[in-house]
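In my numbering, the protein residues as written are 3 to 89.
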């Protein structure tokens, strides 16, 4: 089992944000405010990772040049592959 060291961070937020965090904890979805903040950080890490992957895919697409086939051909090929993968 991996041991994770925990560090302490002190942050300042306006009262409405503090109230929001507490209301999220009060729903029972989070054990405490730290749990809520950790969840936000995990979500941000995942979103940034997905955004980076999307940006890399866009860059690869741009760098690959112009296709010799039409948009309709691309769509039809994608549909065909999707159908084959579901079978």
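For each residue, glycine too, the CB sits at the ideal point set by N, CA and C.
Please confirm whether residue i has its beta-carbon closer than 7 angstroms to some beta-carbon of chain C.
{"i": "residue 29", "result": "The structure shown has no chain C; it contains just one protein chain."}
Which two residues bound the contiguous alpha helix (DSSP H) that contains residue i?
{"i": "residue 63", "result": "35-65"}
{"i": "residue 19", "result": "17-28"}
{"i": "residue 74", "result": "73-88"}
Throw me the rounded Cβ distance for the residue i and residue j pair, which I believe falls under 8 angstroms.
{"i": "residue 26", "j": "residue 38", "result": "5 angstroms"}
{"i": "residue 2", "j": "residue 69", "result": "The chain is shown only over 3 to 89; residue 2 falls outside these bounds and no answer can be derived."}
Roughly how many whole angstroms lie between the Cα atoms of residue i and residue j?
{"i": "residue 54", "j": "residue 84", "result": "25 angstroms"}
{"i": "residue 89", "j": "residue 82", "result": "11 angstroms"}
Given a cut-off of 7 angstroms, decide if residue j and residue i are closer than it, judged by their beta-carbon atoms.
{"i": "residue 35", "j": "residue 23", "result": "yes"}
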